[in-house]
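Here the structure is laid out as structure tokens; the discussion comes afterwards.
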Amino acid sequence: MTTPIATTGTEAAAKRKAQPGQLFDLLFVPAVLIILCVYLSVTNSVFLTSGNLVNILLQASILAIASFGMTFAILGRELDLSVGTGSALASVIAALVMVNTGSILWGVLAGLGFGVLLGATNGFLVTKVEVPSFIATLGAFIVCQGIALALTNGGVISGLPAGIAAFSDWRLLGIPALVWCTGVIFLVLYFVQRKTVFGAQVMAVGGNPEAARLSGIAVNRVRFLIFVITGTTAALAGLALLVRVQSGQPNANQLLALEAIAAVVVGGTSLNGGRGSVARTLWGVLLIAVLRNGLDLMGLSEDMKMIVIGVVFIVAASVDFMRRQFLKRRYSEPKPSREPREAESGDASGDAGAEGGERRTSSGHESRTS
Amino acid sequence: MSLMAAAASAQQHRFEARSITHMYGPVAALREVNFAVEGGHVHALLGENGCGKSTLIKIMTGAQRPTVGTLLIDGQEVQLSKASSAQGRGIAVVHQNYHLFPDLSVLENIVAGNAHVPRSKALLGGVSRKRQEEIVRGLLEQLNIELNLGSQAALLDPAERKFVEVARAMMRSPQFLFLDEPTASLEPQSARRVLDLVRVLADQGVGVAFVSHRLDEVVSVCDRFTVLRDAREVAHGPIREVSEADLVRLMVGDLHQITRARQAPREPSEVAIRIRACATAPGKRAFDLDVPRGQVMVLTGLVGSGASDVVQMLGGSKPFRGSLSVDGVSRRINHPRDALRHGIGYAPEDRKGAGLVIDHAIDINVSYASLDRVSRFGVVAWRRVAAIAEEYRQKLSIRTPSVHSPVSSLSGGNQQKVMLAKLFNSGVATLVLEEPTQGVDVRGRSQIHVLLRDFAEAGGTVIVASTDVREVAGISDHVAVFRHGELAEVLDSASIRDGDAGSSLQEYLVGVMESGVSATSHDLVHPDDAQVARLEQEEAAK
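Heads up: the protein sequence lines correspond to chains V and Z, in order.
Per the working numbering, the first sequence starts with residue 7, numbered consecutively.
Per the working numbering, the second sequence starts with residue 72, numbered consecutively.
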């Protein structure tokens with residue numbers, strides 16, 4: 007056994023040295039974003055204007071709201087594909103209620119109520135009927151589209167109360183209300199994910215469902231609530247859509263779920279669950295939004311933009327994959343050392359495990375710092 | 072059959088692992104181990120979990136390169152860089168767990184992966200299904216196996232599934248076949264059928280390495296044995312010169328080496344956990360068991376004896392068959408959550424797969440079973456979590472640079488300490504642990520034993536399922552011995568220990584585990600070095 011002094015020594019050293027690695031992991035996406043922003047502001051005179059920046063945020067808001075919710079699903083090793091048409095249907099329901107009652111409040115509540123119901127249905131199917139979430143939410147995706155078209159006959163629901171237009175135009179410090187709302191949603195979900203018991207439970211369930219169960223966590227309850235969150239954020243994204251286009255849109259946001267998954271993964275949240283955060287998703291969304299805007303400014307066509315964004319998505323996913331492989335190699339399968347060393351002799355096995363831990367970390371430092 | 076016998080006598084191939092040492096980092100999994108498989112013979116490879124058996128099999132089948140040592144086939148040194156090169160040299164392995172394609176037919180499963188292998192006259196790849204059937208039928212006939220080639224693999228009984236796997240391995244006509252616990256999950260009758268097959272293989276000249284925890288099987292089917300213990304080879308020789316009891320003694324080792332963690336308080340205490348009419352599995356005889364507060368009860372038995380089932384039931388990991396009362400109050404446990412609520416904390420055998428979220432930090436793992444206690448209004452105080460984990464790091468001497476390091480960076484013993492910290496922090500009064508020191512080095516093991524004894528001494532109750540007889544002797548106040556899924560005997564370990572200078576508890580346990588006969592009817596020969604030396608001398612004399 008080592009002396010306490012020796013332990014604190016290694017501890018201090020490790021803390022100092024371990025940080026660059028963690029920081030690199032944490033700051034990778036923001037750094038790429040900053041480099042991209044610098045590049046765009048140098049090469050393009052329009053990019054750094056306040057009008058363009060606000061526009062980027064406004065355009066990103068729908069994707070951002072859906073992605074924040076999707077983060078919970080992916081952290082918990084689930085997927086919610088119903089977010090896209092679910093948000094369109096929410097916008098249709100909210101618009102219909104607003105047009106027919108004249109009340110914005112009732113419309114918003116109806117839209118949100120639908121979102122909660124959608125999430126609860128998905129959650130029920132996944133936890134009670136044990137349909138895999140991919141299938142359950144794919145079914146919901148199709149059903150939502152059908153309902154939206156049936157309610158509208160494929161048309162757009164317009165003639166919303168004047169308050170919606172006023173809200174859309176309202177600005178504080180030059181920033182539109184919708185962006186403020188997105189910010190508030192971010193803060194709430196960031197708090198839920200990082201600070202609450204539920205957030206910790208989502209991480210545990212996604213990290214290792216069996217360990218979560220044996221820790222006394224009600225795994226199915228957590229999974230159910232995950233879908234309620236994605237359903238609710240889908241409805242919020244639908245309301246954002248309604249504000250942006252001043253109507254209920256049965257055909258909009260079709261690919262929103264897939265784009266949200268892309269944004270979450272680009273941000274650095276692992277598709278295997280249990281690793282990532284809502285904050286990372288914010289960076290992912292911003293990166294995609296800036297990239298899209300930059301490609302716009304360069305005059306790329308819509309199809310070229312899709313190709314570039316698709317490639318970025320794949321690159322981001324493979325970076326995550328490579329990172330996991332790297333960690334796996336370093337930690338779980340201790341490499342047989344070439345020479346048998348001192349552990350060969352009789353009673354050295356006692357200290358062996360502990361020494362191994364130390365050596366492994368120190369090699370970790372080297373690879374991190376180099 | 073006569074043809075095969077002729078082939079067998081023609082040439083006896085020999086596959087030898089000589090002086091193999093294998094290191095996982097600084098930890099030795101094997102130290103200078105010798106093992107040889109000879110054509111026409113069945114060689115038993117024995118030892119408790121974690122003794123190095125699986126590493127040796129990995130090395131001899133090309134899944135792992137040894138750190139030091141040589142492999143020889145018929146005296147010629149060979150390099151097995153990967154599994155396929157082992158196959159090319161006539162080495163095949165059937166793993167313990169089934170590796171079948173459940174939706175494919177028996178024929179397709181046997182042919183799978185062998186399509187390109189020339190067997191006798193024909194290439195299977197590109198040949199008609201009819202021809203495949205012919206070849207496979209010929210093989211099955213040769214092995215004396217009856218299987219319906221059209222059946223779906225998922226519908227086969229366990230013994231038939233094993234047959235399919237053996238047949239698949241035999242498609243390449245290997246000279247050496249490694250069978251890793253081929254009967255582990257089989258009923259005695261099915262096991263018998265597989266053992267018959269093993270004998271058939273040997274009669275046809277195949278060299279079989281046979282791993283099993285069922286020593287009656289070993290004695291009935293094997294020719295020779297090698298026992299590993301703590302990464303070393305402790306004995307080898309012809310099987311007819313040893314009894315089952317001898318083998319158990321060799322496997323579990325010498326009680327003289329055990330230093331007891333601490334002496335237990337002797338005063339009688341009230342019952343903390345009262346189990347009534349509990350059965351380890353449907354159809355097994357139910358039993359009653361009382362565990363006193365402040366003491367350590369170890370449930371032991373050979374692998375598959377049912378001891379770990381009881382612990383899993385107490386932890387809420389599987390449904391409780393029977394009734395339970397905790398501190399005199401009747402309780403139902405259907406989920407680990409219920410167990411925790413009633414003050415029972417469970418640590419599974421599979422730390423990485425089921426116990427911990429190994430990618431997450433130590434402090435976060437420590438909090439997972441006690442999130443309610445470290446939070447207010449649903450908001451977790453992460454600073455407090457880190458402080459608590461730091462405290463446990465020092466108290467349990469968890470070797471890590473920081474409590475924010477992932478659990479995956481820790482050694483097995485330190486991971487187990489994190490598990491314990493997680494349970495301690497949830498405030499439980501009873502710990503139920505499954506193989507708490509499996510895969511833990513010697514020092515970590517004794518540290519964990521001290522922690523468990525301390526917990527009991529402070530008024531907690533500890534129930535451990537362990538197949539490690541030294542662990543039983545090291546920490547138990549009481550021992551419940553399980554055999555074939557049923558409770559065989561409950562012992563007060565101190566009284567036995569005091570009875571006869573240390574070795575008798577082990578002797579007693581070996582006796583009860585093996586046959587249900589108590590120690591008095593066993594001869595109490597100690598498995599000392601002299602005996603091992605004698606066996607080795609006899610071996611050398613040949």
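Heads up, the beta-carbon is just placed ideally off N, CA and C, and yes, glycines get one too.
Because the structure is a prediction, the values reported are computed rather than measured.
Identify the contact partners of residue i in chain Z, using a Cβ-Cβ distance below 8 Å as the criterion.
| i | result |
| --- | --- |
| K201/V | V450, V451, W453 |
| F34/V | Within chain Z, no residue comes near F34/V; the closest Cβ sits about 18 Å away, beyond 8 Å. |
| F204/V | G449 |
| A323/V | Within 8 Å Cβ-Cβ: nothing; A323/V doesn't reach chain Z, min ~18 Å. |
| E136/V | None at all; the shortest Cβ gap to chain Z is about 17 Å. |
Could you work out which residues of chain V lie near residue i, taking near to mean beta carbons separated by less than 7 Å?
| i | result |
| --- | --- |
| L411/Z | G222 |
| P419/Z | L220 |
Does residue i pass the burial test, meaning 16 or more other C-beta atoms within 10 Å, or should it be called exposed?
| i | result |
| --- | --- |
| F120/V | buried |
| I40/V | exposed |
| E542/Z | buried |
| P141/Z | Strictly speaking, residue 141/Z in this sequence is Thr, with Pro absent from that position. Per the 10 Å Cβ criterion, exposed. |
| Q203/Z | buried |
| Y45/V | exposed |
| D359/Z | exposed |
| K233/Z | buried |
| T371/Z | buried |
| I163/V | buried |
| F86/Z | buried |
| I217/V | Ile is not the amino acid found at residue 217/V; the sequence shown has Ala there. So A217/V counts as buried. |
| N299/V | buried |
Who are the neighbours of residue i on chain Z, taking C-beta pairs under 7 Å?
| i | result |
| --- | --- |
| N226/V | Here the premise fails: no neighbours, minimum Cβ distance about 10 Å. |
| A210/V | V428, Y439 |
| G213/V | V428, D430, H431 |
| A79/V | None at all; the shortest Cβ gap to chain Z is about 18 Å. |
Along chain V, in chain order, which residues have C-beta atoms closer than 8 Å to that of residue i?
| i | result |
| --- | --- |
| R408/Z | G222, I223, A224 |
Cutting at 8 Å between CB atoms, please list the residues of its own chain near residue i, excluding the five before and the five after it.
| i | result |
| --- | --- |
| A81/Z | Because the pLDDT at A81/Z is just 49, under 50, the model does not fix this residue reliably, and the point stays unresolved. |
| T238/V | G75, L118, G121, V122, G125 |
| R408/Z | G387 |
| A457/Z | D434, V474, H475 |
| E252/Z | Q167, V282, S283, H284 |
| V296/V | L39, L42, C43, L46, I62 |
| R83/V | V211, G212, P215, N278, G279, G280 |
So, for residue i: in the same chain, excluding its five sequence neighbours on each side, which residues have a beta-carbon less than 6 Å away from its beta-carbon?
| i | result |
| --- | --- |
| K638/Z | There is simply no residue 638/Z to check, as chain Z begins at 72 and stops at 613 in what is shown. |
| A350/Z | A357, R392 |
| L3/V | Nothing can be reported for residue 3/V, as the shown portion of chain V is limited to 7 through 376. |
| I235/V | G75, F78 |
| A142/V | N128, L131, V132 |
| L157/V | V98 |
| A88/Z | F106, M131, L142 |
Assuming residue i and residue j are in contact, meaning their beta carbons sit under 8 Å apart, how far apart are those beta carbons, in whole angstroms?
| i | j | result |
| --- | --- | --- |
| V249/V | L184/V | 6 Å |
| Q223/Z | S176/Z | 6 Å |
| G278/Z | H112/Z | 6 Å |
| V503/Z | V489/Z | That belief does not hold up - the Cβ atoms of V503/Z and V489/Z are roughly 17 Å apart, past 8 Å. |
| V207/Z | L178/Z | 6 Å |
| S97/V | A240/V | That belief does not hold up - the Cβ atoms of S97/V and A240/V are roughly 10 Å apart, past 8 Å. |
| V382/Z | A536/Z | 4 Å |
Tell me which same chain residues have a C-beta within less than 7 Å of the C-beta of residue i, skipping the five on either side of it?
| i | result |
| --- | --- |
| A266/V | L69, A72, S73, M76, V89 |
| H170/Z | E236 |
| E231/Z | L218 |
Is residue i near the ligand GDP, in the sense that its beta carbon is under 7 Å from a heavy atom of that ligand?
| i | result |
| --- | --- |
| P309/Z | By its list of ligands, the structure shown contains no ligand whatsoever, and the ligand GDP lies outside what it can speak to. |
Check the Cβ of residue i against every Cβ in chain Z and list those closer than 9 Å, keeping chain order.
| i | result |
| --- | --- |
| E84/V | None at all; the shortest Cβ gap to chain Z is about 16 Å. |
Problem set entry | Where the stretch 425-446 of chain Z meets chain V: residues whose CB sits under 9 Å from a CB there | A425, G426, L427, V428, I429, D430, H431, I435, N436, S438, Y439, A440, S441, L442, D443, V445, S446
Problem set entry | Proximal residues, the stretch 279-302 of chain V versus chain Z, C-beta separation under 8 Å | G280, R281
Exercise. Between the stretch 172-193 of chain V and chain Z, which residues of the former have CB atoms less than 7 Å from a CB of the latter, in chain order?
Worked result: none
For this session: Quick one: which residues of the stretch 371-390 of chain Z get their C-beta closer than 9 Å to a C-beta of chain V? List them in chain order.
Result: G386, G387, S388
Problem set entry | chain Z contacts made by the stretch 109-121 of chain V, where a contact means CB separation under 7 Å | none
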